[in-house]
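Written out below as C-alpha cells is the structure these notes cover.
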Amino acid sequence: MLVLSGVAVIALGFLLRFNPLLVIIVAALVTGLAAGLDPLAVLARFGHAFNQTRYVTAVYLVLPVIGLLERNGLQERARTLVAGLKGLTAGRLLASYLLFRQISAALGLIAIAGPAQTVRPLVAPMAEAAAERQGEGADEEARADPEQVRALAAATDNIGLFFGEDIFIAIGSILLMKGVLAGYGIVIEPFHLSVWAIPTAIAAFLIHGARLWLFDRRLVRRRAR
Amino acid sequence: MIGLNFVYLVAGCFFAAAAVLGFVDRRWANGAFHALLALSFFAGDWIGDVGNGVLVLALVAVATSGRMRRGETVEPAAPRGPLLALALVIPVAALGGTLLFKQLPTVVDPAQATLVALAAGALLALVLCHLILKTPPLEGVRAGRRLLDEIGWAAIMPQLLASLGAIFAVAGVGTVVGGLAGAAIPAGSVFGAALAYGLGMALFTIVMGNAFAAFPVMISAIGLPLLVRGYGGDPAPVAALGMLAGFCGTLLTPMAANFNIVPAALLELKDRYGVIRAQAATAVPLLAFNILLIWWVVR
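Rendered as C-alpha cells:
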C-alpha cells in the first residue's frame with residue numbers, strides 16, 4: 103500500500119499547482135523509496151527509463167517543417183479553406199470544423215489548428231455570427247448565449263483533436279502505448295493501435311455532431327415560439 | 004541497420020541547432036534546456052544510468068528555474084506556394100515509408116519502420132520546403148526553435164511520465180491498484196473488468212490531468228493481467244481504447260489546463276470551467292461507448 107504514496111504525490115502536487123516536472127520527479131523518488139530502493143538506485147532506474155523512452159520526445163523533429171509552413175502562411179491558407187464554409191448554421195459550421203479537425207489530426211497535422219490559431223480568430227466569431235443570424239427576430243432571452251457558443255467552439259476543437267490524433271501512427275500517445283507494452287514483452291506495431299482509434303473517432307463525431315444538431319434545432323424552435 | 008539511432012541523430016541535430024540559436028538569441032535557459040536534450044539524444048547510450056538520471060535532474064532544474072521564455076510572436080507572411088501539399092509530405096512519407104521499409108528488413112529495423120519513415124519524411128519535407136518556397140537555409144530550424152520554445156519544458160513531460168511508469172512498474176504500483184480494483188471486480192466478470200479499466204483510466208486521468216500518466220498504471224493493473232492474460236483479449240484494442248477512455252477524462256478535468264483552462268481565458272469566458280461544461284455531454288456518453296467496445300472486443 104505504501105507504494106501508492108507516489109500517486110498521492112502526483113495528485114497533491116498537481117492540485118497545488120507545483121511545476122509538473124518537479125512533481126513527477128518527487129513522485130518517482132517517493133515511490134522508489136517506498137519500494138525499498140535507495141535514492142541512487144531510483145535515480146539510475148529513472149535515468150535508464152528516460153534514456154529508453156527517448157522516442158516519445160523524438161517526434162518534435164517535425165517542428166522545423168511545421169514552423170516553416172506556418173511562417174509562409176499555412177494557417178492563413180487553412181483559414182481560407184474553412185472560410186469557404188460560411189453561410190451555414192452555427193451547428194453545421196462547428197460540425198464541419200469537427201470533421202476538419204479530426205481528419206487533419208489523423209494526418210498528424212495537429213499544429214495547423216487550435217484555440218489560439220483557429221478558434222479565437224476564426225471559428226468562434228463565425229459560429230457566433232451564425233448563431234446571431236439564426237436568432238434574428240427572436241426575443242432577447244430566446245437567442246443563443248454568445249459565451250456558450252464560444253465555449254462550444256473550444257470544446258469542438260478539443261474533441262476533434264483528441265479523437266482524431268490517435269489515428270496518426272507517430273503521435274506521442276501511440277508511441278507511449280507501444281513503449282509500455284514493450285516493457286511487458288508485448289511487441290505491437292503503431293499501426294495496430296491507431297486502427298483501433300477509428301471506431302471511437304466515428305462515435306465522437308456522431309455524439310458531438312448530434313449535440314450540435316440539437317443546438318441548431320433549439321435555436322429554430324425558440325424563434326418559432 | 005537503420006533504426007532508432009538514425010531517428011535520435013536527426014532529433015539530436017534539431018535540438019542542438021535549437022540550443023545554438025537559443026544561445027545566439029541570448030535565451031540562455033531555453034538554450035541550456037535544448038542543449039541537455041541534444042546531449043541525451045546524442046550520448047544517452049554512453050553516459051550510463053546514473054548519468055542519465057543526473058541529466059534528467061538538470062533538465063528539471065532548468066525547467067523549474069522559471070527562466071525559460073515563450074517563443075516570440077512572428078507575423079506569418081501572405082500565403083504562397085503549395086502549402087497544403089507540402090504539409091501532407093510528412094504524413095504521406097510516414098505512411099508510405101512504413102510500408103516500404105517493411106519490405107527491406109535488412110536495411111531498416113522493421114520494429115522502428117514508422118519512426119524512421121517519419122524522420123526521413125521530415126527531412127524530405129524540409130528540403131522540399133526550402134527548394135519550393137526558396138526560404139533562407141536556417142529559416143526552418145529557426146521556425147522550429149520558436150515552436151519548441153512555445154511548448155517549453157512541457158516538451159519532456161510525456162517522456163518523464165513514461166519513466167515514472169517504469170518506476171511504478173518496479174515498485175509494483177499496478178499490482179497494488181490492481182489488487183484494489185480486482186477486489187471490486189466480481190470474479191469472472193469480463194464486463195466488470197472492462198468497466199473498472201475504462202472508468203479507472205478516466206478517473207485516474209481526471210486526477211492526473213493526463214491520460215499518459217494513467218495508462219501505465221491501469222494497463223498493468225487491469226488491462227494486461229485481467230483483460231489480456233485472463234480473458235484472452237487482443238492487447239492492441241485494449242491499449243488503444245483504454246487510452247481513448249482516458250482522453251474522455253481529459254475533457255472533464257481542470258488539471259489538463261492547456262486544453263480546458265487556457266482556451267476559456269483566450270475566449271474571455273466569464274466561467275473558467277465553461278469549456279469543460281461544454282465538453283461534458285460529449286465526454287460521458289463517449290466514455291460509455293469506449294467501455295462497451297472494450298467489453299465487446301474482449302468477451
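Read top to bottom, the protein sequences are chains A and B.
Under our numbering, think of the first position of the first sequence as 103, with each following residue one higher.
Under our numbering, think of the first position of the second sequence as 4, with each following residue one higher.
Virtual Cβ for every residue (Gly too), placed ideally from N, Cα, C.
query: CB contact check: A/Leu-201 to chain B, cutoff 8 Å; result: no
query: Chain B residues whose Cβ lies nearer than 9 Å to that of A/Thr-133; result: Leu-167, Ile-170, Phe-171, Val-173, Ala-174 and Val-176
query: Every unbroken alpha helix (DSSP H) inside the segment 53-87 of chain B [4 residues or more]; result: none
query: Where B/Ala-5 falls: helix, strand or coil (DSSP); result: For the sequence presented, residue 5 of chain B should be read as Ile rather than Ala. Here B/Ile-5 sits in strand by DSSP.
query: The segment 154-163 of chain A touching the segment 162-171 of chain B, judged by at least three CB pairs closer than 8 Å; result: yes
query: For A/Leu-209 and A/Phe-307, believed in contact at Cβ under 8 Å, the rounded distance; result: Not a contact, Cβ separation roughly 16 Å.
query: Within 9 Å of chain B by C-beta, residues of the segment 140-163 of chain A in sequence order; result: Leu-142, Val-144, Leu-145, Ala-146, Arg-147, Phe-148, Gly-149, His-150, Ala-151, Phe-152, Asn-153, Gln-154, Thr-155, Arg-156, Tyr-157, Val-158, Thr-159, Ala-160, Val-161, Tyr-162 and Leu-163
query: A/Ile-304 versus A/Val-225, A/Ile-261 and A/Gly-134, residue with shortest Cα-Cα distance; result: A/Ile-261
query: Assumed close pair B/Ala-41, B/Gly-15 - CB separation to whole angstroms, cut-off 8 Å; result: 5 Å
query: Closer than 9 Å at the beta carbon, the chain B residues around A/Phe-307; result: By Cβ distance, chain B contributes nothing, its closest Cβ being about 10 Å from A/Phe-307, past 9 Å.
query: Three-state secondary structure assigned by DSSP to A/Val-289; result: coil
query: B/Val-110 - DSSP class collapsed to helix/strand/coil; result: coil
query: Within 8 Å, strictly: CB atoms of B/Leu-244 and A/Arg-252; result: no
query: Interface partners of B/Pro-139 on chain A, CB under 9 Å; result: In chain order: nothing, as chain A lies at least about 10 Å away.
query: Listed by chain order, chain A residues near B/Pro-108 by CB distance under 8 Å; result: Chain A residues near B/Pro-108: none, gap ~13 Å exceeds 8 Å.
query: Minimum Cβ-Cβ distance from B/Phe-17 to chain A less than 8 Å; result: yes
query: Helix, strand or coil at B/Glu-271 [DSSP, three-state]; result: coil
query: Below-8 Å beta-carbon distance, B/Asn-8 vs any chain A residue; result: no
query: Expected contact under 8 Å - CB spacing of B/Phe-241 and B/Val-301 to nearest Å; result: Note that residue 241 of chain B is Val in the sequence shown here, rather than Phe. Rounded, the Cβ-Cβ distance is 7 Å, consistent with contact.
query: Below-8 Å beta-carbon distance, A/Thr-302 vs any chain B residue; result: yes
query: Where A/Met-279 falls: helix, strand or coil (DSSP); result: helix
query: Rounded Cβ spacing between A/Ala-229 and A/Leu-200 (contact assumed at less than 8 Å); result: Actually they are not in contact, since the Cβ atoms of A/Ala-229 and A/Leu-200 sit about 12 Å apart, beyond 8 Å.
query: Residue closest to B/Asn-55, alpha-carbon to alpha-carbon, out of A/Leu-142, A/Arg-319 and A/Tyr-162; result: A/Leu-142
query: Pair within 8 Å by beta-carbon distance, A/Leu-294 and B/Thr-285; result: Note on residue identity: the sequence assigns His, not Leu, to residue 294 of chain A. The answer is no: Cβ separation not under 8 Å.
query: DSSP state of B/Trp-49 mapped onto helix, strand, coil; result: coil
query: Cβ of B/Tyr-234 within 8 Å of any chain A Cβ; result: no
query: Cβ-Cβ separation, B/Gly-226 to B/Leu-290 (assumed contact under 8 Å), whole Å; result: 16 Å between Cβ atoms; not a contact.
query: Contact list for the segment 221-239 of chain A against chain B, Cβ threshold 9 Å; result: Val-221, Arg-222 and Ala-226
query: B/Phe-215 versus A/Glu-238: straight-line alpha-carbon distance, rounded; result: 45 Å
query: Close Cβ partners of B/Thr-138 (< 8 Å) along its chain, the five nearest in sequence each way excluded; result: Cys-132
query: Extent of the continuous alpha helix (DSSP H) run through A/Glu-234; result: 226-236
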